[in-house]
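Structure first, commentary second.
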Amino acid sequence: MKQTSSFHPASPILNFCPPSLPASWYYDDVHHLREISAIHHSSWIYVGRVNDVPRFTMQRIDVAGQNLFLIKDGEDVIRCFHNTCRHRGSELCQQSETKLKSKLIRCPYHDWGYDLSGNLIQTPHATEAPGFDRADNGLFDVLLKTWNGFIFVCLADHAPDFSKVADHGLQALDNWPMEQLVTGHRLVKNINCNWKVFWENYNECLHCPGIHQSLCDMVPIYRQGVMSAAEAPGWTPDQVFTPVLKEGAKTWTKNGKSCGPEFPNLTEDQRRAGFLFVTLMPTMYIVGHVDYVRVVSLRPLGPEETELTAEWLFMPETLAQPDFDLANVVDFTMTVMREDGAACELNQRGFHSSRFVQGTLMPQEFDVFHFQQWVRLQLGESPYMPDDK
Amino acid sequence: MKQTSSFHPASPILNFCPPSLPASWYYDDVHHLREISAIHHSSWIYVGRVNDVPRFTMQRIDVAGQNLFLIKDGEDVIRCFHNTCRHRGSELCQQSETKLKSKLIRCPYHDWGYDLSGNLIQTPHATEAPGFDRADNGLFDVLLKTWNGFIFVCLADHAPDFSKVADHGLQALDNWPMEQLVTGHRLVKNINCNWKVFWENYNECLHCPGIHQSLCDMVPIYRQGVMSAAEAPGWTPDQVFTPVLKEGAKTWTKNGKSCGPEFPNLTEDQRRAGFLFVTLMPTMYIVGHVDYVRVVSLRPLGPEETELTAEWLFMPETLAQPDFDLANVVDFTMTVMREDGAACELNQRGFHSSRFVQGTLMPQEFDVFHFQQWVRLQLGESPYMPDDK
Amino acid sequence: MKQTSSFHPASPILNFCPPSLPASWYYDDVHHLREISAIHHSSWIYVGRVNDVPRFTMQRIDVAGQNLFLIKDGEDVIRCFHNTCRHRGSELCQQSETKLKSKLIRCPYHDWGYDLSGNLIQTPHATEAPGFDRADNGLFDVLLKTWNGFIFVCLADHAPDFSKVADHGLQALDNWPMEQLVTGHRLVKNINCNWKVFWENYNECLHCPGIHQSLCDMVPIYRQGVMSAAEAPGWTPDQVFTPVLKEGAKTWTKNGKSCGPEFPNLTEDQRRAGFLFVTLMPTMYIVGHVDYVRVVSLRPLGPEETELTAEWLFMPETLAQPDFDLANVVDFTMTVMREDGAACELNQRGFHSSRFVQGTLMPQEFDVFHFQQWVRLQLGESPYMPDDK
Numbered sequence: 035m036k037q038t039s040s041f042h043p044a045s046p047i048l049n050f051c052p053p054s055l056p057a058s059w060y061y062d063d064v065h066h067l068r069e070i071s072a073i074h075h076s077s078w079i080y081v082g083r084v085n086d087v088p089r090f091t092m093q094r095i096d097v098a099g100q101n102l103f104l105i106k107d108g109e110d111v112i113r114c115f116h117n118t119c120r121h122r123g124s125e126l127c128q129q130s131e132t133k134l135k136s137k138l139i140r141c142p143y144h145d146w147g148y149d150l151s152g153n154l155i156q157t158p159h160a161t162e163a164p165g166f167d168r169a170d171n172g173l174f175d176v177l178l179k180t181w182n183g184f185i186f187v188c189l190a191d192h193a194p195d196f197s198k199v200a201d202h203g204l205q206a207l208d209n210w211p212m213e214q215l216v217t218g219h220r221l222v223k224n225i226n227c228n229w230k231v232f233w234e235n236y237n238e239c240l241h242c243p244g245i246h247q248s249l250c251d252m253v254p255i256y257r258q259g260v261m262s263a264a265e266a267p268g269w270t271p272d273q274v275f276t277p278v279l280k281e282g283a284k285t286w287t288k289n290g291k292s293c294g295p296e297f298p299n300l301t302e303d304q305r306r307a308g309f310l311f312v313t314l315m316p317t318m319y320i321v322g323h324v325d326y327v328r329v330v331s332l333r334p335l336g337p338e339e340t341e342l343t344a345e346w347l348f349m350p351e352t353l354a355q356p357d358f359d360l361a362n363v364v365d366f367t368m369t370v371m372r373e374d375g376a377a378c379e380l381n382q383r384g385f386h387s388s389r390f391v392q393g394t395l396m397p398q399e400f401d402v403f404h405f406q407q408w409v410r411l412q413l414g415e416s417p418y419m420p421d422d423k
Numbered sequence: 035m036k037q038t039s040s041f042h043p044a045s046p047i048l049n050f051c052p053p054s055l056p057a058s059w060y061y062d063d064v065h066h067l068r069e070i071s072a073i074h075h076s077s078w079i080y081v082g083r084v085n086d087v088p089r090f091t092m093q094r095i096d097v098a099g100q101n102l103f104l105i106k107d108g109e110d111v112i113r114c115f116h117n118t119c120r121h122r123g124s125e126l127c128q129q130s131e132t133k134l135k136s137k138l139i140r141c142p143y144h145d146w147g148y149d150l151s152g153n154l155i156q157t158p159h160a161t162e163a164p165g166f167d168r169a170d171n172g173l174f175d176v177l178l179k180t181w182n183g184f185i186f187v188c189l190a191d192h193a194p195d196f197s198k199v200a201d202h203g204l205q206a207l208d209n210w211p212m213e214q215l216v217t218g219h220r221l222v223k224n225i226n227c228n229w230k231v232f233w234e235n236y237n238e239c240l241h242c243p244g245i246h247q248s249l250c251d252m253v254p255i256y257r258q259g260v261m262s263a264a265e266a267p268g269w270t271p272d273q274v275f276t277p278v279l280k281e282g283a284k285t286w287t288k289n290g291k292s293c294g295p296e297f298p299n300l301t302e303d304q305r306r307a308g309f310l311f312v313t314l315m316p317t318m319y320i321v322g323h324v325d326y327v328r329v330v331s332l333r334p335l336g337p338e339e340t341e342l343t344a345e346w347l348f349m350p351e352t353l354a355q356p357d358f359d360l361a362n363v364v365d366f367t368m369t370v371m372r373e374d375g376a377a378c379e380l381n382q383r384g385f386h387s388s389r390f391v392q393g394t395l396m397p398q399e400f401d402v403f404h405f406q407q408w409v410r411l412q413l414g415e416s417p418y419m420p421d422d423k
Numbered sequence: 035m036k037q038t039s040s041f042h043p044a045s046p047i048l049n050f051c052p053p054s055l056p057a058s059w060y061y062d063d064v065h066h067l068r069e070i071s072a073i074h075h076s077s078w079i080y081v082g083r084v085n086d087v088p089r090f091t092m093q094r095i096d097v098a099g100q101n102l103f104l105i106k107d108g109e110d111v112i113r114c115f116h117n118t119c120r121h122r123g124s125e126l127c128q129q130s131e132t133k134l135k136s137k138l139i140r141c142p143y144h145d146w147g148y149d150l151s152g153n154l155i156q157t158p159h160a161t162e163a164p165g166f167d168r169a170d171n172g173l174f175d176v177l178l179k180t181w182n183g184f185i186f187v188c189l190a191d192h193a194p195d196f197s198k199v200a201d202h203g204l205q206a207l208d209n210w211p212m213e214q215l216v217t218g219h220r221l222v223k224n225i226n227c228n229w230k231v232f233w234e235n236y237n238e239c240l241h242c243p244g245i246h247q248s249l250c251d252m253v254p255i256y257r258q259g260v261m262s263a264a265e266a267p268g269w270t271p272d273q274v275f276t277p278v279l280k281e282g283a284k285t286w287t288k289n290g291k292s293c294g295p296e297f298p299n300l301t302e303d304q305r306r307a308g309f310l311f312v313t314l315m316p317t318m319y320i321v322g323h324v325d326y327v328r329v330v331s332l333r334p335l336g337p338e339e340t341e342l343t344a345e346w347l348f349m350p351e352t353l354a355q356p357d358f359d360l361a362n363v364v365d366f367t368m369t370v371m372r373e374d375g376a377a378c379e380l381n382q383r384g385f386h387s388s389r390f391v392q393g394t395l396m397p398q399e400f401d402v403f404h405f406q407q408w409v410r411l412q413l414g415e416s417p418y419m420p421d422d423k
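Residue numbers (our numbering), protein chains in the order written: chain A, 35 to 423; chain B, 35 to 423; chain C, 35 to 423.
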């Protein structure tokens, strides 16, 4: 469930009830591969934090089923390569992390050596016959970009414009000291649903009253199934409203208190809102609080299985506090995420009915609609057009 | 293995040896889906007993891979719906049984409410935009029929004539107090074979001498591999014969004694025969004894896996006897079913030979032949015609 | 890893670097079935030792996914049949071995009886209608050949010329008492790689220095990544060289000592070399030592899984020695095989990169190249032709 802290001057709700995506798109194997190819192979994919990659150590990652590795050199430049030797196709990094023994990346099979830019340097014991050119046999590289201490890669030859990836723009988190933050806790969990179900659940709050008790307690407006007053049935433009935390709460923790010193450069509005969601399709969202940042990312494992990773980022001095209470921070959102995971699996189980061709979105599900339009566009399908337009 | 108690005035055995069905029909994934679609999606499928469905409780069932639920209202009317909400496709009944909290069926995701006829009544927190019509968004219903206390559903829009489903006609069990019987024991077991193998094994007794020791002891004629004298090689029409239980046995129990009071309205013939088989293709057979009734049903899980359910039905007063001995009833047929299950799995394992295109049926396998002709017909294939016809 | 003991008068190394096979051939399901059909269904496949098959006992084997059994009659003639009854397709041999109760092979389902030549003899309890001919209903037989005490079968109707199967000719092992040898140890192990990866690894020694420490200690030339001096970069024809075991070693055992009496008829060259590799594509290689013989065979279980079987064969008097030390024999090659298995799995894991279309073979990988050309030929594909030819 996403929570927006932005105030809408006019109501964002739809004046029609569009059909949802075809049900088969949520479980069909062939369609799933089509989405992975059209979306996940062509997008910027979040793969980890810059300061979680040690120098001279191959770190294996899996992006859309591709076996890759990250490597950071002596100047802290990070590169990403396919985890495949050009000789006979052997895997190069066999463990989740492999520390280099020299300044070369060595294939463990026949000992071919590549430098950290991926150039082939050595083919021990083997003659290089005429026609063999080392320049043709370097590692396969993968496009890479860092932003706010996050690493993104793109499998395609031509990457989309990174500046358009974040829904609130690349400056949205500029008041947070993002690059200095360190990972204080990480949770990995598989949920039995299509990756799109996760984003649809994230993009509406109609389910909040029935599903999220503690969250509705923290953000009282959610109890009405809306993210802002403008979404409520019967709203009129004179009713201005910004969602806020409950009386006395400063941040999303169990007791509502900050877990350490607050970030110094936040605006008064940011401090009052208590949270800011930034979404980077198709794999990640970030929530900035006054005292910590939470990152949730997802990796489709199949049409009906998705891996979720949650990471909690802190200033080093926050973690260093002798009485730092990690559970107070983590437990609150763990509960919300567990509730959302169960809701997603519940949704997925209903899709296989032979009669259910597609569902219907309600006016309050405008962000689900926008997400589904984006999916249609990525696949080269026509967007939905309401009859009266 | 089926046992017929009907006397054949002329020999039913074939005067030719027809080919069996193509071997690939027993393991090929695509062909299997073709059968499920042509047969199981278009037939009346047994799903449970009327008196095992409590009022105001959703009971989840799986029919041919479709997730459905039964619901009984205050007038004891039972209905069946797809277990899918019309909003975004969520599952409605999450456990095998879910008791309603109100008189509405509530979606656990966004709280949409439907009445027990499936009409959409509420969409909480959501505006219903122009063009949204509740009448278009009721639950998907499934055809349902009850007979003798058994519930049958049909996934198709147009169901086949129910009166033609039972091989001996709908009156066959009229002398049994079927609706009053209650389920005294239930066994669910998966066997690794195609669903057709189960029915083929059921439809012949040539395997009895080698496979069923205790059954041949109970029904002596089975020791000759036949279900009636008319099937034996060399039979002439003057030899009239009705299969009977062994001397002193009244019913199919371990000790041959009735497990409680006998059903009062049986004819003398029914009492003497000791058992009556009624078959309802493609999912069920019923055996009426003088003191209890047994039901066996099957559910294809895949081309090479089938779920079997056996249910033992009794009069309440039989179960209430202080010295009622369930094991004496259940163990006898459990042994027969275990033997048949092993035989079916044995048969299945041989099908994958690249040389085995199809087998050959013997004259005594006339009911296997009729079953296979029925399958050909359901699939729109030509029935087998012997050369001399 | 293969080790050749044959001396090459001229260098066998290539003067070009050919492309390796397409990466998808190592994991694609459809391509895998194409190879199994074109290669494993049409070749002589090793299935066991003559003296490991007892008389009058069905022994189940799996060849390229086909369920078969061997049966040895009273004159020690071994035959092979599909493990499928002609009646309704039941499996005949249910366990890995089934001792016959009579001189007939009996179907456990309906008791049909076949003699040991596969002729149908009995169809108990069943009338044989006009048109049914026992001669049309014998067991499906499989071509079978024995050589040096090894049994080979071929699923095709027309088998390839057996005399061309062994790479060094059928006489290569004539100085070993092959038929008298008995199986002293057997190991079965699955490795997660395509069957071709196993043979490619077997056909080159470039990986030896990095992978096989103890083997390089036993055969010192391997430390240079070559199987003979002629393969080394910079070799000139005046450098004559035969690979030998290290000083003092007689055979491939942990301590280098013979595990029992040496085979009496070996030539001085065979004794000095210490090992002789004989390869029978696509399923087997044999290594003759001075004191024992090792056999390694493989069975593809899927595109990315292969079952390996290693067998150690000895003279009965060797095994009968009171102080016979099996571990001294087995441990040495177990280590080498474990290292090769890990290397094969390492290679397999790198194939799925979307960028890796195919690899490059180096001049020293001439036998990998010959194997790949053979695969292309079996599949009806054009062999690779270097540009300058």
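Each residue gets a CB set at the ideal place from its N, CA and C atoms; glycine is no exception.
All values reported here derive from a predicted model rather than from experimental measurement.
**Item:** Run of the alpha helix (DSSP H) containing residue 113/B, from where it starts to where it stops
**Value:** Taking the second sequence and counting its residues from 1, one reaches residue 113/B at position 79. DSSP places residue 113/B in no alpha helix (DSSP H) but in the uninterrupted beta strand (DSSP E) bounded by 112–116.
**Request:** List the endpoints of the continuous beta strand (DSSP E) containing residue 224/B.
**Result:** Within the second sequence, residue 224/B is the residue found at index 190, counting from 1. Residues 216–225.
**Prompt:** Quick one, are the C-beta atoms of residue 155/C and residue 165/C less than 8 Å apart?
**Reply:** Mapped onto the third sequence, residue 155/C falls at position 121. Mapped onto the third sequence, residue 165/C falls at position 131. No.
**Asked** Straight-line CA distance for residue 348/A to residue 308/A?
**Response** Stepping through the first sequence from its first residue, residue 348/A is reached at position 314. Stepping through the first sequence from its first residue, residue 308/A is reached at position 274. Whole-angstrom Cα-Cα distance: 16 Å.
**Asked** What residues of chain A sit near residue 192/B, judged by a beta carbon separation below 8 Å?
**Response** To locate residue 192/B, count along the second sequence from 1; it is residue 158. Residues of chain A passing the Cβ test: none, with the nearest at roughly 15 Å.
**Message:** Please report whether the beta-carbon of residue 125/A lies at a distance below 8 Å from any beta-carbon of chain C.
**Reply:** Sequence index remark: in the first sequence, residue 125/A carries index 91 (1-based). Judged by the 8 Å Cβ criterion, residue 125/A is in contact with chain C.
**Message:** Counting only Cβ-Cβ distances shorter than 7 Å, please list the residues of the stretch 165–180 of chain B near chain A, keeping chain order.
**Reply:** Against chain A - using a Cβ distance shorter than 7 Å - the residues of the stretch 165–180 of chain B are 165, 166, 171, 174.
**Message:** Please tell me whether residue 148/B has its Cβ less than 8 Å away from any Cβ of chain D.
**Reply:** This model lacks chain D altogether; the protein chains it does include are A, B and C.
**Asked** What are the start and end residues of the alpha helix (DSSP H) that includes residue 230/C?
**Response** Here the question's residue 230/C lines up with position 196 in the third sequence. In the DSSP assignment, residue 230/C falls within the alpha helix (DSSP H) that extends over 229–236.
**Asked** At which residue ranges does the stretch 46–96 of chain A contain complete beta strand (DSSP E) runs of 3 or more residues, listed in the order of the chain?
**Response** Runs of the beta strand (DSSP E) inside the stretch 46–96 of chain A: 53–56, 79–83.
**Request:** Count the other C-beta atoms from every protein chain shown that fall within 10 angstroms of the C-beta of residue 106/C, then say buried if there are 16 or more, exposed otherwise.
**Result:** If you number the third sequence from 1, residue 106/C lands on position 72. Taking a 10 Å sphere around the C-beta of residue 106/C, we find 16 or more other C-beta atoms and assign the residue as buried.
**Prompt:** Closer than 7 Å, Cβ to any Cβ of chain A: which residues of the stretch 359–392 of chain C, in chain order?
**Reply:** Cβ contacts with chain A: 377, 380, 381, 383, 384, 385, 386, 387, 388, 389, 390.
**Asked** Is residue 344/B helix, strand or coil by DSSP?
**Response** If you number the second sequence from 1, residue 344/B lands on position 310. Strand.
**Asked** Which term fits residue 423/A, buried or exposed, when burial requires 16 or more other beta carbons within 10 angstroms of its beta carbon?
**Response** Position 389 of the first sequence, counted from the first residue, corresponds to residue 423/A. Caution applies to residue 423/A, whose pLDDT of 47 falls short of 50 and renders its modelled position unreliable; the value that the coordinates give is listed next. Exposed: under 16 other Cβ atoms inside 10 Å.
**Item:** Presumed contact (8 Å Cβ cut-off) between residue 182/A and residue 212/A, rounded CB distance
**Value:** Along the first sequence, one-based indexing puts residue 182/A at 148. Along the first sequence, one-based indexing puts residue 212/A at 178. Yes, they are in contact, since the Cβ atoms of residue 182/A and residue 212/A sit about 4 Å apart, within 8 Å.
**Request:** For residue 54/B, I'd like the list of residues in its chain whose CB is within less than 6 Å of its CB, leaving aside the five on either flank, ordered along the chain.
**Result:** Here residue 54/B is taken as the residue at index 20 of the second sequence, counted from 1. Excluding residues up to 5 positions away in sequence, 392, 393, 395 lie with their Cβ nearer than 6 Å to the Cβ of residue 54/B in the same chain.
**Request:** Taking a Cβ distance cut-off of 8 Å, strictly less, list which residues of the stretch 83–107 of chain C are near chain B, in chain order.
**Result:** Here the close residues are 99, 100, 101.
**Asked** Are there 16 or more other CB atoms within 10 angstroms of the CB of residue 310/C, so buried, or fewer, so exposed?
**Response** The residue labelled residue 310/C in the question sits at position 276 within the third sequence. Buried is the label assigned to residue 310/C, since at least 16 other Cβ atoms lie within 10 Å of its Cβ.
**Prompt:** What first and last residue would you give for the beta strand (DSSP E) that runs through residue 394/B?
**Reply:** Mapped onto the second sequence, residue 394/B falls at position 360. Counting along the chain, residue 394/B sits inside the beta strand (DSSP E) bounded by residues 392–394.
**Message:** With a threshold of 8 Å between beta-carbons, can residue 142/B be considered close to chain A, or not?
**Reply:** What you label residue 142/B is simply residue 108 of the second sequence in a count that begins at 1. Interface residue, yes.
**Message:** In whole angstroms, give me the CA-to-CA distance for residue 322/A and residue 133/A.
**Reply:** In the first sequence, residue 322/A corresponds to position 288, counting from 1. In the first sequence, residue 133/A corresponds to position 99, counting from 1. Distance between the alpha carbons of residue 322/A and residue 133/A is about 33 Å.
**Request:** Could you spell out the range, first to last residue, of the alpha helix (DSSP H) harbouring residue 373/A?
**Result:** Along the first sequence, one-based indexing puts residue 373/A at 339. Note, residue 373/A: alpha helix (DSSP H), 360–383.
**Request:** Reducing DSSP to helix, strand and coil, say where residue 103/C ends up.
**Result:** Start at 1 with the first residue of the third sequence, and residue 103/C comes out as number 69. Secondary structure at residue 103/C: strand, using DSSP grouped into helix, strand and coil.
**Prompt:** So what does residue 331/A bridge to, in DSSP terms?
**Reply:** For the purposes of this step, residue 331/A is identified with residue 297 of the first sequence, where counting begins at 1. Within the DSSP secondary-structure output, residue 331/A pairs in a beta bridge with 318/A, 343/A.
**Asked** Would you call the CB atoms of residue 326/B and residue 352/B closer than 8 Å?
**Response** Your numbering for residue 326/B matches position 292 in the second sequence. Your numbering for residue 352/B matches position 318 in the second sequence. Yes, the pair counts as a contact, with Cβ atoms nearer than the cut-off.
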